[in-house]
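Novice: Okay, so the first sequence: first residue is -9 according to the numbering used here, each after it adds one. For glycine and all other residues, C-beta sits at the position ideal for the given N, C-alpha and C. These numbers come from a predicted model, not from an experiment. I'd like to ask you about the structure that follows.
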Amino acid sequence: MIMLREKIEKLIKDIVKKDVQLEHPTDSKFGDYSTNVAMKAKVDPEKIIKELKDNPLFEKVVKAGPGFINFFLSQKALQEELLEILEQKDNYGQLEIGNNKKVQVEFISANPTGPLTVANARGGPFGDVLANVLNKAGFKTEKAYYVNDAGMQILALGNSVLKNKESKYQGEYIDQLNQENKEKDPYKVGQWAAKKIIKDLIQKTTDKLKIKYNEWIFESDLYKSNKVDKTLDFLREKGLIFEKDKAEWFKSSKFGDERDRVVIKSDKQKTYLAGDIALHSYKFKDKKFDKVINICGADHHGDIPGLMAGVEAIGYKDKLEIILLQFVTILDKGEKKKMSKRAGLYVTMDELIDKVGSDVVRFFFLQKSHNTHLNFDLALAQEQSNKNPVFYVQYAHARICSILKKAEDVILSKAKDLDSSGFALRMTKTELNLIKKLTKFPEIIEDTANDYQVQRLPSYSLELANAFHKFYEQCRVLDEKNKELKESRINLIQATKIVLKNTLELMGISAPEKM
RNA sequence: GCGCCCAUAGCUCAGUGGAUAGAGCGCUUCCUUGCGGAGGAAGAAGUCGUAGGUUCAAAUCCUACUGGGCGUACCA
-9 MIMLREKIEK LIKDIVKKDV QLEHPTDSKF GDYSTNVAMK AKVDPEKIIK
41 ELKDNPLFEK VVKAGPGFIN FFLSQKALQE ELLEILEQKD NYGQLEIGNN
91 KKVQVEFISA NPTGPLTVAN ARGGPFGDVL ANVLNKAGFK TEKAYYVNDA
141 GMQILALGNS VLKNKESKYQ GEYIDQLNQE NKEKDPYKVG QWAAKKIIKD
191 LIQKTTDKLK IKYNEWIFES DLYKSNKVDK TLDFLREKGL IFEKDKAEWF
241 KSSKFGDERD RVVIKSDKQK TYLAGDIALH SYKFKDKKFD KVINICGADH
291 HGDIPGLMAG VEAIGYKDKL EIILLQFVTI LDKGEKKKMS KRAGLYVTMD
341 ELIDKVGSDV VRFFFLQKSH NTHLNFDLAL AQEQSNKNPV FYVQYAHARI
391 CSILKKAEDV ILSKAKDLDS SGFALRMTKT ELNLIKKLTK FPEIIEDTAN
441 DYQVQRLPSY SLELANAFHK FYEQCRVLDE KNKELKESRI NLIQATKIVL
491 KNTLELMGIS APEKM
């Protein structure tokens, strides 16, 4: 489908012979779309206006301010778009900009050494929704969790479960594992414990968050299948591995890294980076992803140059993108504190979900940009969850369902029998505003697929719900005296329901018919 | 020391080159005899951390500074 914005951009592009970016003016008196392209392309705005002012898409096209052209959409154009929504239903907003390219989004991937906290699970809602949006934009998307069940932290976990001198982690789950454990070798204990933690703690939490991963990739499997050795051999053949101080180094400085990195330590143990390059070889060579997006905590940013160099060395330059999520700080009685498992200062994701529900958690986290340092106050989150904006959005959906239920006796016009004459009535400003919000949906998909600013979705859902609540207040739908008006408005709220539900589904938030 | 991120309303956060800077919560006032009031309308509240610079135009880009977070391993 071609969205409204794209149609207008093309019209202008044909005139100025230059790419055009339309924007929504902050004030509606400046129209529905505006552009400063006339100034940028040094084209007389009058020329553009003259060619477009009679186009049926517009009610008027006017010159304004310092080089702006403002476009006011016609009622007809909006009604045509409304028909599009009613015809396409859940498919509305499905774009093809991804060209079916295979994309993997990897997120959370917290170490299997303990429960997910509100800090390390921050990537859950973010990654899940980003993948959903990319899918809607026409990519073939998969979601993955990489489990680091190899290496030193597994040994530390084993020692913790055994409660020996090398113990590092503690908590009820460690006590529990200690009770169940029968092994003695710390590393084996750690591997066993990691599997248990993934299954009994982490997967339980991601399930509660309604995240469905396509794949859980275990680091230990990369070792078992010799993927790590094969990847290192590949690098060795390319002359990118050298020995120094009894360790083996990857020549990452050749690819823009500030220094080289160890891949095999002097004790012959492989480092995290060795596994990580093998992981990406698996992603690109074996699974043939065209693009991989990793979402990880900001504390990992020091590892990026090494990994990027590795990905380039195995032949997949520029195919990996990394999004860093900034840290979550806990607000405890107004005081900022760093989350710390040792100090017992952390809030588990499970605890939060149990207190406020998955819908609230997802909305709350989605609203924040990935590079915002998030201040989190559990007490406040609980207190405010009853007033959480997510209910405002869900309430709009429930209200529509309620009206539609009451209207069941009305013979609804089938979308396919309609043309825009089905809405030939003169619509009120409130109704037109609602349609304008609806037509913004595909734009949200496109923009978010391009810049990954996922917080656009909750913010859009609020705008849309607000436009509907205003409409509800001012326009009675079930008007018994005016059958045409009633039908027109029923169609309008059906379209609203479609887009609201679509938006909520992308966010992984339920769209209740009753509340 | 060097590198990355951040600083916007009382609080939590959007806005990242355009027109009078927005939302939710909190605060003040009004709207229920009409499809769900978990709603609607109106209002108070901001030197966009500070100082320079670029630009017709800066919260947004550049530089310096201040304050905070993170990183800088043969840990992951």
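1. Applying the 10 Å Cβ sphere with the 16-neighbour rule, what's the burial state of Ile192?
2. Would you identify the three-state DSSP class for Ile267, choosing helix, strand or coil?
3. Near Val6, which residues of its chain fall below 8 Å by C-beta distance, leaving aside the five closest residues on each side in sequence?
4. Beta-carbon within less than 7 Å of Ile2's beta-carbon, same chain only, minus the 5 sequence neighbours each way: which residues are those?
5. Is Gln169 buried or exposed, if buried means 16 or more other CB atoms sit within 10 Å of its CB?
6. Cα separation between Phe461 and Thr420?
7. Express the C-alpha separation of Leu415 and Asn472 in angstroms, rounding to a whole number.
8. Taking the straight line between their C-alpha atoms, what separation do you get for Ile144 and Glu311?
9. Buried or exposed: where does Pro56 fall if 16 or more other Cβ atoms within 10 Å of its Cβ makes it buried?
10. State the beta-bridge partners of Tyr23 as determined by DSSP.
11. Can the beta-carbon of Pro432 be found less than 9 Å from the beta-carbon of Met(-7)?
12. Any contact between the segment 449 to 461 and the segment 421 to 429? By contact I mean 3 or more CB pairs, one from each, below 8 Å.
13. For Asn378 and Arg352, I'd like the C-alpha separation in whole angstroms.
14. Using the rule of at least 16 other Cβ atoms within 10 Å of the residue's Cβ for burial, across every protein chain shown, is Met505 buried or exposed?
15. Among Gln181, Pro448 and Glu227, which residue has its Cα nearest to the Cα of Val119?
16. Could you name the residues of the same chain whose beta carbon sits closer than 7 Å to that of Val489, not counting the 5 residues immediately before and after it, in chain order?
17. In terms of residues, what are the limits of the alpha helix (DSSP H) holding Asn365?
18. Which residue marks the beginning of the beta strand (DSSP E) containing Gln94, and which one marks its end?
19. Give me, in chain order, the residues of the same chain whose beta-carbon lies closer than 7 Å to that of Lys(-1); leave out the 5 immediate sequence neighbours on both sides.
20. Closest to Gly229 by C-alpha separation, out of Leu314, Gly292, Ser242 and Asn89, would be which residue?
21. Suppose you measure from the CA of Val52 to the CA of Leu422; what does that come to, to the nearest Å?
22. My understanding is that Leu167 touches Thr338, with C-beta atoms under 8 Å, so please give their C-beta distance in whole angstroms.
Specialist: Taking the structure as given:
1. Looking up residue 192 in the first sequence gives position 202. The residue in question, Ile192, is buried, as its Cβ has 16 or more Cβ neighbours within 10 Å.
2. Within the first sequence, the letter at position 277 stands for residue 267. Three-state result, Ile267: helix.
3. Residue numbering aside, residue 6 sits at position 16 when the first sequence is read from its first letter. Excluding the 5 residues flanking it on each side, Val6 has same chain C-beta neighbours closer than 8 Å at Val27, Ala28, Ala31, Val33 and Ile38, in chain order.
4. Position 12 of the first sequence, counted from the start, is the residue given in the question as residue 2. If we look at Ile2 and ignore the five residues flanking it on each side, its Cβ neighbours are Val10, Thr25, Val27 and Ile38.
5. Your numbering for residue 169 matches position 179 in the first sequence. Gln169 should be labelled exposed.
6. Taking the first sequence and counting its residues from 1, one reaches residue 461 at position 471. Taking the first sequence and counting its residues from 1, one reaches residue 420 at position 430. Separation of Phe461 and Thr420 (C-alpha to C-alpha, rounded to the nearest whole angstrom) is 6 Å.
7. As a position in the first sequence, residue 472 is number 482, starting the count at 1. As a position in the first sequence, residue 415 is number 425, starting the count at 1. If you draw a straight line from the Cα of Asn472 to the Cα of Leu415, it is about 11 Å long.
8. Here residue 144 is taken as the residue at index 154 of the first sequence, counted from 1. Here residue 311 is taken as the residue at index 321 of the first sequence, counted from 1. Cα-Cα distance, rounded: 28 Å.
9. Here residue 56 refers to the residue found at position 66 when the first sequence is read from its first residue. Note on Pro56: under 16 other CB atoms within 10 angstroms of its CB, so exposed under the neighbour-count rule.
10. Sequence index remark: in the first sequence, residue 23 carries index 33 (1-based). According to DSSP, Tyr23 bridges with Phe61.
11. One-based indexing of the first sequence puts residue 432 at position 442. One-based indexing of the first sequence puts residue -7 at position 3. In contact: Pro432 and Met(-7) (Cβ atoms closer than 9 Å).
12. These segments touch.
13. Walking along the first sequence from the start, residue 378 turns up at place 388. Walking along the first sequence from the start, residue 352 turns up at place 362. Rounded to whole angstroms, the gap between the alpha carbons of Asn378 and Arg352 is 11 Å.
14. Indexing the first sequence from 1 puts residue 505 at position 515. Classification of Met505: exposed, given that the 10 Å Cβ count is below 16.
15. Walking along the first sequence from the start, residue 119 turns up at place 129. Out of Gln181, Pro448 and Glu227, Pro448 has the C-alpha closest to the C-alpha of Val119.
16. The count along the first sequence starts at 1 and reaches residue 489 at position 499. Ile75, Tyr82, Leu428, Phe431 and Leu454.
17. Residue mapping note: residue 365 aligns to position 375 of the first sequence, counting from 1. Note, Asn365: premise wrong, no alpha helix (DSSP H); beta strand (DSSP E) at Leu364 to Phe366.
18. The sequence position of residue 94 within the first sequence is 104, counting from 1. Lys92 to Glu96 is the extent of the beta strand (DSSP E) around Gln94.
19. The residue you call residue -1 lines up with position 9 of the first sequence. Sequence inspection shows Glu at residue -1; the Lys mentioned does not correspond to that position. Excluding sequence neighbours, Glu(-1) sits near Val10 and Leu12.
20. What you label residue 229 is simply residue 239 of the first sequence in a count that begins at 1. The option with the nearest alpha carbon to Gly229 is Ser242.
21. Residue mapping note: residue 52 aligns to position 62 of the first sequence, counting from 1. Residue mapping note: residue 422 aligns to position 432 of the first sequence, counting from 1. Rounded to whole angstroms, Val52 to Leu422 spans 20 Å at the Cα level.
22. As a first step, residue 167 must be located in the first sequence, where it is residue number 177. As a first step, residue 338 must be located in the first sequence, where it is residue number 348. At roughly 16 Å, the Cβ-Cβ gap does not stay under 8 Å, so Leu167 and Thr338 are not in contact.
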